[in-house]
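J.: One structure coming up, written as structure tokens, with questions to follow.
Residue numbers (the numbering used here): 4 to 53.
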């Protein structure tokens, strides 16, 4: 079964985001905003379950 760890997924997401930013510079704001929201939610997630 294929399991992907968050640590293994981050470089792939960064690579895809970098390519998209080079191709379409206007996506920079959206990609950064989504990244920050996801990182914030994953950081807060254990504390939200208490």
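Even glycine gets a Cβ: it sits at the ideal position worked out from N, Cα and C.
What three-state label does DSSP hand residue 8 in the structure shown?
T.: The answer is coil: DSSP assigns residue 8 none of H, G, I, E or B.
J.: Note down, in chain order, each residue of its chain lying with its Cβ closer than 8 Å to the Cβ of residue 31, except the 5 sequence neighbours on either side.
T.: For residue 31, where only same-chain residues beyond five positions count, the Cβ hits under 8 Å are 24.
J.: Nearest CA to the CA of residue 36: which residue from 8, 20, 49, 14?
T.: Measuring from the Cα of residue 36, the nearest candidate turns out to be 20.
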